[in-house]
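Asks: What follows is a single structure, and I will ask about it in a moment.
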Amino acid sequence: MSEELEKYFSTGEFANLCRVKKQTLFHYDEIGLLSPQIKKENGYRYYSYEQFEVFQVIALFKEFGVPLKEIKVLLKDKKPINMITLLKEKSLEIEEKIKSLNHLQAIIQTRLQLAEHALKTDFSSISLQYLDEETFMISENILEEAEQKYTTVIPELIHYTQLHKLDRGYPIGAMLAREQIQKKEFYNYEHLYIKISEEIEKIHCHTRPQGLYVVGYQKGAETEHAYDRIIQFVREKGLKIGEYAYEEYVIDEVMADGIENSITRIQLQIQSQ
């Protein structure tokens, strides 16, 4: 090899440097996107190190989804303003993808934490717990018409939280008012809700107050049995029922083998003394 050619890469060497197959380089040459710096009469082809920089730009825009034809035009016209415009555009696209991935990661982490917590929980237990304040996005009032409203309010909650990136992977919950608990109307909910990280203007929000709650669990449809046990616990402790009970799936049909094996956590608010 001449001293001149020692400064260049053969097709195989350049393909290895770029981590692509030689066929990719042949294709780029055929369409006039990136041709070897030197083409010898004997068929040997050589690329310069500077062409590696060009290849990196091609690979970058290809990763962004820019068609090869557009990349070719961009590289041919040599106008910096066009390159700057496209880079800014793709930078914004990447920022949106990062936001989307961070949102998905938050959902995954929430579901992971809920699943791991469920594995450690004794579902036969009833306990008095201090719970922190939490913010819920709530449905319209569905008292006395809960079952008829489910097919309307559930999609509304889900679609709104997804549209505004409020979904963090928490299950849909239900708020049961004290009056309905006392009447044993355990499916006559006042609101459905989804937990969100902060209050958002123009939507219905409810703050679950910090304070004492009696926490118990319901398996499948054994609602009355679960509430009977919880209310008995409240009476034995000399406590008074607060404004709402908050119900949330701990194990839903994704993890349970049938709805009869699902687990609901019931958090019954206790009146402050």
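Following full-length UniProt numbering, the numbering of the sequence shown begins with 1 at its first residue and continues without gaps. The beta carbon of each residue, even a glycine, is placed where N, CA and C say it ideally should be.
Look up Met255 in the DSSP assignment and say whether it is helix, strand or coil.
Replies: Coil at Met255, not helix or strand.
Asks: Counting C-beta neighbours from all protein chains within 10 Å, is the total for Glu63 16 or more, i.e. buried, or is it exposed?
Replies: Its Cβ having fewer than 16 others within 10 Å, Glu63 is exposed.
Asks: Pull up the distance between the alpha-carbon of Glu222 and that of Tyr193, whole angstroms please.
Replies: Roughly 21 Å between the two C-alpha positions.
Asks: Closest by CA to Ser127, which one among Leu104, Val214, Gly65, Pro36?
Replies: The shortest C-alpha separation from Ser127 is found at Val214.
Asks: List the residues that DSSP assigns as beta-bridge partners of Met137.
Replies: BP columns for Met137 point to Ile194, Cys205.
Asks: Name the DSSP beta bridge partners of Arg45, please?
Replies: For Arg45, which the question treats as bridged, DSSP gives the partners Lys39.
Asks: Between the stretch 152-168 and the stretch 100-116, do three or more beta carbon pairs fall short of 8 Å?
Replies: Yes: the two stretches touch, three or more of their Cβ pairs being nearer than 8 Å.
Asks: State yes or no: is the C-beta of Ile230 within less than 7 Å of the C-beta of Gly216?
Replies: Yes.
Asks: Beta-carbon within less than 7 Å of Glu253's beta-carbon, same chain only, minus the 5 sequence neighbours each way: which residues are those?
Replies: Once the five neighbours on either side are set aside, the close Cβ partners of Glu253 are Ile259, Ser262.
Asks: Inspect the CB distances between the stretch 172-192 and the stretch 148-157 and report whether three or more fall short of 8 Å.
Replies: Yes, since at least three Cβ pairs between the stretch 172-192 and the stretch 148-157 fall closer than 8 Å, the two stretches touch.
Asks: Just to confirm before moving on: does the CB-CB distance between Leu239 and Ile203 stay below 7 Å?
Replies: No, Cβ-Cβ distance for Leu239 and Ile203 is not below 7 Å.
Asks: According to DSSP, is Ala245 part of a helix, a strand, or is it coil?
Replies: Residue state, collapsed to three classes: strand.
Asks: Would you say Leu232 and Tyr246 are within 7 Å of each other, going by their C-beta atoms?
Replies: According to the sequence shown, residue 232 is Gln rather than Leu. Against a cut-off of 7 Å, the Cβ pair of Tyr246 and Gln232 comes out as no contact.
Asks: What is the rounded straight-line gap between the Cα of Met1 and the Cα of Leu112?
Replies: With a pLDDT of only 48 at Met1, under 50, the local geometry of the prediction cannot be trusted, and the value read off the model is given with reservation. Using only the alpha carbons, I get a separation of about 60 Å.
Asks: If I measure Cβ to Cβ from Lys21 and keep anything under 7 Å in the same chain, skipping five residues before and after, which residues do I get?
Replies: Ala15.
Asks: Indicate whether Arg138 and His206 have their beta-carbon atoms separated by less than 7 Å.
Replies: Residue identity differs from the one stated: residue 138 is Ile in this sequence, not Arg. Result yes, Cβ atoms of Ile138 and His206 sit closer than 7 Å.
Asks: Here's the rule: buried if 16 or more other CB atoms are within 10 angstroms of the residue's CB, otherwise exposed. What is Val73?
Replies: Exposed, since its Cβ has fewer than 16 Cβ neighbours within 10 Å.
Asks: Do Ala177 and Tyr227 have their C-beta atoms within less than 7 Å of each other?
Replies: No, these two residues do not count as a Cβ contact at 7 Å.
Asks: Nearest-angstrom Cα distance between Ile31 and Leu25?
Replies: Whole-angstrom Cα-Cα distance: 10 Å.
Asks: Measuring alpha carbon to alpha carbon, tell me which residue in Lys120, Tyr189, Lys7 is nearest Glu50.
Replies: Considering only alpha carbons, the answer is Lys7.
Asks: Please report the straight-line C-alpha distance between Met255 and Ile58, rounded to a whole angstrom.
Replies: Rounded to the nearest angstrom, the two C-alpha atoms are 45 Å apart.
Asks: When burial is assigned at 16 or more other CB atoms within 10 Å of the CB, is Asp257 buried or exposed?
Replies: Answer is exposed; the Cβ neighbour count stays below 16.
Asks: Along the chain, where does the beta strand (DSSP E) containing Gly216 start, and where does it finish?
Replies: That run of the beta strand (DSSP E) goes 211-219.
Asks: Use the C-beta contact count for Pro80: other C-beta atoms within 10 angstroms, 16 or more gives buried, fewer gives exposed.
Replies: Classification of Pro80: exposed, given that the 10 Å Cβ count is below 16.
Asks: Return helix, strand or coil for Arg178, following the three-state DSSP convention.
Replies: Note: Arg178 maps to helix in three-state DSSP.
Asks: Less than 7 Å separating the beta-carbons of Val54 and Leu34?
Replies: Yes, the Cβ-Cβ distance between Val54 and Leu34 is below 7 Å.
Asks: When the Cα atoms are used, what is the spatial distance from Glu3 to Glu70?
Replies: Caution applies to Glu3, whose pLDDT of 48 falls short of 50 and renders its modelled position unreliable; the value that the coordinates give is listed next. Rounded to whole angstroms, Glu3 to Glu70 spans 37 Å at the Cα level.
Asks: How far does the alpha helix (DSSP H) with Thr11 in it extend, from its first residue to its last?
Replies: Residues 11-18.
Asks: So, with DSSP's three-state summary, where would you put Ser127?
Replies: If DSSP states are grouped into helix, strand and coil, Ser127 belongs with the strands.
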